[in-house]
Every structure is written in C-alpha cells, then in structure tokens.
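Asker: If you read the protein sequences in the order shown, they are chains S and P. Note that the working numbering has the first sequence beginning at 1, numbered continuously upward. Note that the working numbering has the second sequence beginning at 1001, numbered continuously upward.
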Amino acid sequence: MTGCLEASNGIEALQILGKEWVDAILSDINMPGMDGEEFLRQLKTDELLRAIPVVIISTDSTDHRIERMLALGARGYVTKPFRPETLRETLERTLGVPCE
Amino acid sequence: MSEPQLETVLAQCTEAVLEQMFFVRALNGPLPAPDSVLIVEVPFEGDPCGRLALRVTAPAARSIAADFLGEEECVLSEQQVGEVMCELANIICGSVLSRVESDTTFRLGSSRLTSDSEVFHSENAALHSVALDNGAILIAFDVERPVCPLGG
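Here is the structure:
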C-alpha cells in the first residue's frame, strides 16, 4: 500500500470513491451522517465499487453485529481495542499481499 | 449486571483500550490532585441505554494524544487533543457495551467535549480511575432504564 485517503463518514467515503480507486476500505460502524452499515449496503449495490474489499473496525464485538456486517459483504472485522499487528494481519489476509 | 460487576468490566475495558490502542499503562500509585481537565461525554442507546463520561487531566490528555497520533506533544492543537479524547471515550464505551448489552444492537452517539457531566454525580454510575505518569483519568458509566429505542 502506498497511501491512505480519509473520510469522516459514509457519505464522504462514497464521494471519494467516485473519484479515486482504492485497494481496500477500512470502515467504522458508528459514524455521523451515514454509518458503516449503510455505507457497506450502498457500496455493494454499485457495480464498480462492490469488489473493493471492506474491513470493518468497530468497538462493537457482539456476535450478531459481526455476523450482520459479514453477511452484508464485509471481508474482515476487527474489534477495537486492537493491536497494530492484528490490523496488519487482517489486511494481509484480505488483500492477499504483505502490507509494509 | 450488578454495579460491582459493571465496575470490573469498566476497569478491564479501560485498561485494555489504554494499553492496546493508546500505548499507556496504568500505575498503581495515588491519583494526583485535580488540575486542569478535559471532559468528554458519550451517550448510547440500546438495552441498556445511558452515558459514559471521561475526565482526564490536561497534561495526560496531551501525552495520550501524542502517543496515539505519533506526533510530538508540542505540535498538537487543542482540537487534536480533544478529538483523541473523544475517540478514547468512544472506544471504551463501545468496548464496555459489547460486554454488557443484551442481544439488542446498541448505538453510540457522538462523543463531545463538555465543561462538566452529570454522570460523575450520578449515585448509580460505575466509576473507574486510572493513575498515569503525568495525570489521571476518571471514567463514569451510567446506565439508564428502561430500554431506549434506537434512533433511525
């Protein structure tokens, strides 16, 4: 990976994705405006964007939430708090390439 | 969940969050006298609903923010320090709720800086304090009943 783009909520993220291509998306769930669940739902309805792997990062570690996000198409789920290596491992598994 | 159980969960979650995401270890020493402080409040909805409040001494807040952002303390703005404290409160709150909520999905409200919080004065709030190298953190977690409906 060579760079990182930031958005403060799902609406901003979709706007950025309309102009920029990314290899992966890290998204929280609790965000103002458009939360992570709605963002993922909208992303998966877009023919071009739906293939981008999404990893959810959230404080919510309840089974039903994790199952729901994975069912919506998230490729990974990391619960906060996490150690940096946990995120790296999840990204490497998701992308299939080493992350430096 | 009883109040002592809730205080245990609050302590475990706080220390895990501080250590894993903010690289801060709690000390066993006495708490310093209150100095200039930052206060953050996070409302939450679900089963149960309520609020978490976090009060942190200003020097500790700046030090934690610097570690979290990987920056020198002297280059951080007050806004950056406040945003990191909001994130700290948000993560602790979500971590606690993941362990105390029922099967209902919970929702965290926006963390916000405030000049004081009623949560610290609630007789039902679970409290946990942490002594740090350069200050202290006090966290109060107050559960309200009945169950709050989740907003749209």
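Glycine included, each C-beta is placed from N, C-alpha and C at the ideal position. Small disclaimer: the values here were computed from a predicted structure and weren't measured.
#1: How about P:L1097 and P:L1088: do their beta carbons lie closer than 9 Å?
#2: Hey, how far is the Cα of P:A1053 from the Cα of S:E47?
#3: Is the separation between the beta-carbon of S:F82 and that of P:Q1020 shorter than 9 Å?
#4: Please report whether the beta-carbon of P:S1098 lies at a distance below 9 Å from any beta-carbon of chain S.
#5: At the 9 Å Cβ level, is S:R65 part of the contact set with chain B, yes or no?
#6: So P:P1059 is in the alpha helix (DSSP H); what residue range does that whole segment cover?
#7: Can you tell me which of P:I1092, P:F1068, P:E1045 puts its alpha carbon nearest to the alpha carbon of S:T79?
#8: Mind listing the chain P neighbours of S:N58? Cutoff is C-beta to C-beta under 8 Å, in chain order.
#9: Within 10 Å of its beta-carbon, does P:G1152 have 16 or more other beta-carbons around it, so buried, or fewer, so exposed?
#10: Beta carbon of S:G10, beta carbon of S:F39: below 9 Å?
#11: Let's see if you can read the secondary structure: which residues bound the alpha helix (DSSP H) around P:V1096?
#12: For P:C1074, count neighbouring C-beta atoms within 10 Å of its own C-beta (all shown protein chains included) and say buried if the count is 16 or more, exposed if not.
Answerer: Looking at the coordinates:
#1: no
#2: 43 Å
#3: yes
#4: yes
#5: Among the protein chains in the structure shown, which are S and P, there is no chain B.
#6: 1058-1069
#7: P:I1092
#8: Inspection of the sequence shows that residue 58 of chain S is occupied by Ser rather than by Asn. What S:S58 touches in chain P: G1094.
#9: Model confidence at P:G1152 stands at a pLDDT of 42, short of 50, so the residue's coordinates are unreliable and nothing is read from them.
#10: yes
#11: 1078-1100
#12: exposed
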